[in-house]
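There are 2 protein chains.
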Amino acid sequence: MKLDNIQSFVPPVRTLMGPGPSDIHPRVLQAMGRPTIGHLDPAFVEMMDEVKVLLQYAFQTQNALTIPVSAPGSAGMETCFVNLVEPGDKVIICQNGVFGGRMKENVERCGGTAIMVEDEWGTAVDPNKLEAALQANSNAKIVAFVHAETSTGVQSDAKTLCELAHQYDCLSLVDTVTSLGGTPVKVDEWEIDAIYSGTQKCLSCTPGLSPVSFSDRAIDKIKGRKNRVQSWFLDLNLVMGYWGGETKRAYHHTAPINALYGLHEALVLLKEEGLENAWARHENNYQVFRAGIEAMGLSFKVKEGDRLPQLNAVNVPAGVNEAEVRSRLLTEYNLEIGAGLGSLAGQIWRIGLMGYASNLKNIWYCLNALKAVM
Amino acid sequence: MKLDNIQSFVPPVRTLMGPGPSDIHPRVLQAMGRPTIGHLDPAFVEMMDEVKVLLQYAFQTQNALTIPVSAPGSAGMETCFVNLVEPGDKVIICQNGVFGGRMKENVERCGGTAIMVEDEWGTAVDPNKLEAALQANSNAKIVAFVHAETSTGVQSDAKTLCELAHQYDCLSLVDTVTSLGGTPVKVDEWEIDAIYSGTQKCLSCTPGLSPVSFSDRAIDKIKGRKNRVQSWFLDLNLVMGYWGGETKRAYHHTAPINALYGLHEALVLLKEEGLENAWARHENNYQVFRAGIEAMGLSFKVKEGDRLPQLNAVNVPAGVNEAEVRSRLLTEYNLEIGAGLGSLAGQIWRIGLMGYASNLKNIWYCLNALKAVM
Numbered sequence: 001m002k003l004d005n006i007q008s009f010v011p012p013v014r015t016l017m018g019p020g021p022s023d024i025h026p027r028v029l030q031a032m033g034r035p036t037i038g039h040l041d042p043a044f045v046e047m048m049d050e051v052k053v054l055l056q057y058a059f060q061t062q063n064a065l066t067i068p069v070s071a072p073g074s075a076g077m078e079t080c081f082v083n084l085v086e087p088g089d090k091v092i093i094c095q096n097g098v099f100g101g102r103m104k105e106n107v108e109r110c111g112g113t114a115i116m117v118e119d120e121w122g123t124a125v126d127p128n129k130l131e132a133a134l135q136a137n138s139n140a141k142i143v144a145f146v147h148a149e150t151s152t153g154v155q156s157d158a159k160t161l162c163e164l165a166h167q168y169d170c171l172s173l174v175d176t177v178t179s180l181g182g183t184p185v186k187v188d189e190w191e192i193d194a195i196y197s198g199t200q201k202c203l204s205c206t207p208g209l210s211p212v213s214f215s216d217r218a219i220d221k222i223k224g225r226k227n228r229v230q231s232w233f234l235d236l237n238l239v240m241g242y243w244g245g246e247t248k249r250a251y252h253h254t255a256p257i258n259a260l261y262g263l264h265e266a267l268v269l270l271k272e273e274g275l276e277n278a279w280a281r282h283e284n285n286y287q288v289f290r291a292g293i294e295a296m297g298l299s300f301k302v303k304e305g306d307r308l309p310q311l312n313a314v315n316v317p318a319g320v321n322e323a324e325v326r327s328r329l330l331t332e333y334n335l336e337i338g339a340g341l342g343s344l345a346g347q348i349w350r351i352g353l354m355g356y357a358s359n360l361k362n363i364w365y366c367l368n369a370l371k372a373v374m
Numbered sequence: 001m002k003l004d005n006i007q008s009f010v011p012p013v014r015t016l017m018g019p020g021p022s023d024i025h026p027r028v029l030q031a032m033g034r035p036t037i038g039h040l041d042p043a044f045v046e047m048m049d050e051v052k053v054l055l056q057y058a059f060q061t062q063n064a065l066t067i068p069v070s071a072p073g074s075a076g077m078e079t080c081f082v083n084l085v086e087p088g089d090k091v092i093i094c095q096n097g098v099f100g101g102r103m104k105e106n107v108e109r110c111g112g113t114a115i116m117v118e119d120e121w122g123t124a125v126d127p128n129k130l131e132a133a134l135q136a137n138s139n140a141k142i143v144a145f146v147h148a149e150t151s152t153g154v155q156s157d158a159k160t161l162c163e164l165a166h167q168y169d170c171l172s173l174v175d176t177v178t179s180l181g182g183t184p185v186k187v188d189e190w191e192i193d194a195i196y197s198g199t200q201k202c203l204s205c206t207p208g209l210s211p212v213s214f215s216d217r218a219i220d221k222i223k224g225r226k227n228r229v230q231s232w233f234l235d236l237n238l239v240m241g242y243w244g245g246e247t248k249r250a251y252h253h254t255a256p257i258n259a260l261y262g263l264h265e266a267l268v269l270l271k272e273e274g275l276e277n278a279w280a281r282h283e284n285n286y287q288v289f290r291a292g293i294e295a296m297g298l299s300f301k302v303k304e305g306d307r308l309p310q311l312n313a314v315n316v317p318a319g320v321n322e323a324e325v326r327s328r329l330l331t332e333y334n335l336e337i338g339a340g341l342g343s344l345a346g347q348i349w350r351i352g353l354m355g356y357a358s359n360l361k362n363i364w365y366c367l368n369a370l371k372a373v374m
């Protein structure tokens, strides 16, 4: 590639129905392009306060420490682990897909010990297995699990898993990257202690930020640490000084101003629609999609009841080249759907109906395009 | 603050002449709002390759591992330290401002030992002091310093400092957050082993990404580590699989698509202008600014020769309320300039002429507005 030949990049216009990013609302894209202001500008500081209130609504929480981390969802995950795990801590991780494995990586890199509770990919986390692990590891400090597994389209019962964690004196740490804004996530009611999400799924926003929220119990653990948090960038003791509370903001890092404009607008859109209405829309559109998929003779990987309405793992029929179908959808129809990850590679497509992408126009387009290429 | 009252955020239009973010080029803002595509889309992957080539040009390097970290400059700093420092490693840090102190934090959080070489804030790093430290610490592994101190507007002699590091078998690790695109930064010629920068200074781009580059020597150290990198998100062994080289991209994290559109456009603009022309523009505009400041009877904190043309520490005259001046410039003139940090708080203003903000219109506006409020 020659430097001289590089021009401005004008992306193709795709329909995004993979596992994320999903279609971005036009108002969000417009917000991204607004004039940048300083990260300590009083107008920006006020916008940050609004983002916190809007995120509290999205997460259904009163937690004061409810902010977007200035980096993608993976950094949100890491924020939770590096702040809460100290060397030697035992963390029980319920794994039923790719992202539980990433949690294990995080725990180990913090010097903790990961106790893995495995469920088959494509099934929900089994609370009985978690309880057995809690009984066998009475000194465990944290229970971590993925509410909505992006790699399989499975939803687990977060409320029950958090209750179990607390019965055994553990903090609960929950991945809601794919659920927030698409299906119910109730931080206070479910007593989630640490939660992270992404912006590029059901919030209809561009990728790059990770909303997080921490309960008072979690903050007590962070403030009572014996060791410094190993990451300076993600150390909540420092980040709180910038995003936090009542006092004057202390400079920590330079916030990604325009990305935050986008998230603010996405959250205003969510508020305008209403959380319950957004959940209902995702559910209703899933029913339309399901009927269409089944009418084509296709089936779902995940059993009814555990399925996420916003992310569908569709079994690739025998004799069909899954990669070719995806490639043709992209090149001939500008339609992106996702491949399987890990042990499900080649076996499933992941078709997202997330956020702004969850609408009838997309669904009918996707069903017809699928028919056309198969 | 009531949820119900929160509306779309329409920022004021400011002139950004602080220490960053600086004014964003309109073409960059336009690029930020373009339609999002998938992070594994072939069109996006090609754009990533272009970003690498453009960054190699900006850094003046052939280093294959030249990429933007998906988070702000502080995360770029952390990327360099967590990948290069292992527990027990001695790192010599030349500190002459705020950001050397942040380097120390990083080293210690990696389990390393920081040997501090102190110079007065507002002066350049003294190579003689570095050499003495290298002689006294023959087992040091890395020499780290800030090329252009954002807190003081001082430029240090990166070439000489890197030469010294190599004479004593150390890797060189250099902060160029404020210099890249504004004054010469020559990674290959100066033999810099690890470098990070920001997008929101002389690149005229929004904040949120951190360009980094690593020499083969640095990569050898990373690949030969005894311990895993403590950050999963910033582990270059994994990031290389996504951004890297010849083979198929492996999913690591979801890239901040639209922020990368912005950086791509900013780098195309830099290429169109030409690096040498950009450096000359920053220098020429500084001369105009300097003449104007001196004509007002004001003086600079940093001695001529060590001064960064793109970031000027102007002494606050006796009897002038520095905070009130900044506040009036912002509210009455929509003009942002910066305060002093740390030990220089209250003593200086930091006035940036960075990237797109380095132009005569801004300079004459700033000089006249300063006159008006003082």
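Protein sequences appear in the order of chains R and H. Numbering of the first sequence is given in the UniProt record's numbering, commencing with residue 1 and proceeding in unit increments. Numbering of the second sequence is given in the UniProt record's numbering, commencing with residue 1 and proceeding in unit increments. Quick reminder that beta carbons are idealized off the backbone N, C-alpha and C, glycines included.
Among the options, nearest to residue i - alpha-carbon criterion
i, options, result
"R/D23", "R/A345, R/N334 and R/G292", "R/N334"
"R/L161", "R/K226, R/I142 and R/W364", "R/I142"
"R/R350", "R/L370, R/T331 and R/S231", "R/L370"
"H/P11", "R/H25, R/N258 and R/A372", "R/N258"
"H/Y242", "H/R27, H/S215, H/D49 and H/M17", "H/D49"
"R/L209", "R/G355, R/P68, R/T61 and R/F81", "R/P68"
"R/C205", "R/M32, R/F214 and R/Q310", "R/M32"
"R/A165", "R/T254, R/N128, R/T150 and R/T199", "R/N128"
"H/P256", "H/T61, H/S70, H/F59 and H/R34", "H/S70"
"H/V98", "H/S358, H/M354, H/G340 and H/G352", "H/G340"
"R/A148", "R/P184, R/A114, R/E131 and R/V117", "R/P184"
"R/V82", "R/S299, R/V325, R/F233 and R/E120", "R/F233"
"R/D235", "H/A75, H/S197 and H/V28", "H/A75"
With 16 other Cβ atoms within 10 Å as the buried cut-off, status of residue i
i, result
"H/Q135", "exposed"
"R/P211", "buried"
"R/M17", "buried"
"H/M1", "exposed"
"R/G73", "buried"
Cβ of residue i within 8 angstroms of any chain R Cβ
i, result
"H/K271", "yes"
"H/D41", "yes"
"H/L329", "no"
"H/S179", "no"
"H/A75", "yes"
"H/T36", "yes"
"H/T123", "no"
Contact with chain H by residue i, beta-carbon distance below 8 angstroms
i, result
"R/A99", "Reading off the sequence shown, one finds Phe at residue 99 of chain R, where the question assumed Ala. With 8 angstroms as the cut-off, R/F99 does not count as an interface residue toward chain H."
"R/F300", "no"
"R/Y286", "no"
"R/I6", "yes"
"R/E324", "no"
"R/V314", "no"
"R/M1", "yes"
Where residue i sits in the DSSP three-state scheme
i, result
"R/K301", "coil"
"H/A259", "helix"
"R/C110", "coil"
"H/V212", "strand"
"R/D41", "coil"
"residue 375 of chain R", "Look at the range of chain R in this structure, 1 to 374, and you will see that residue 375 of chain R is not part of it."
"R/V177", "coil"
"R/R326", "helix"
"H/S90", "Checking the sequence shown, residue 90 of chain H turns out to be Lys, not Ser. The answer is strand: DSSP assigns H/K90 an E or B state."
"R/F99", "helix"
"R/G182", "coil"
"H/S151", "coil"
"H/E336", "strand"
- Closer than 7 angstroms, Cβ to Cβ, to anything on chain R: give me those residues from the region 145–168 of chain H, in chain order. Listed in chain order, the positions of the region 145–168 of chain H with a beta carbon within less than 7 angstroms of a beta carbon of chain R would be empty, since no residue qualifies.
- Task: Quick one: which residues of the region 206–235 of chain R get their C-beta closer than 7 angstroms to a C-beta of chain H? List them in chain order.
- Result: Only T206, P207, G208, R228, Q230, S231, W232 and F233 from the region 206–235 of chain R bring a Cβ to less than 7 angstroms from some Cβ of chain H.
- Task: Compile a chain-ordered list of the residues in the region 47–72 of chain R whose CB is closer than 7 angstroms to at least one CB of chain H.
- Result: Here the close residues are M47, D49, E50, V53, L54, Y57, S70, A71 and P72.
- In the region 83–110 of chain H, which residues sit with their C-beta less than 8 angstroms from some C-beta in chain R, listed in chain order? Those would be R102, E105, N106, E108, R109 and C110, in chain order.
- Query: Taking any Cβ of chain H, which residues in the region 257–283 of chain R have a Cβ under 7 angstroms from it, in chain order?
  - Reply: Answer set for the region 257–283 of chain R: I257, N258, A259, Y261, H264, E265, V268 and K271.
- chain R contacts from the region 181–204 of chain H (Cβ-Cβ distance under 8 angstroms): Listed in chain order, the positions of the region 181–204 of chain H with a beta carbon within less than 8 angstroms of a beta carbon of chain R are G198 and Q200.
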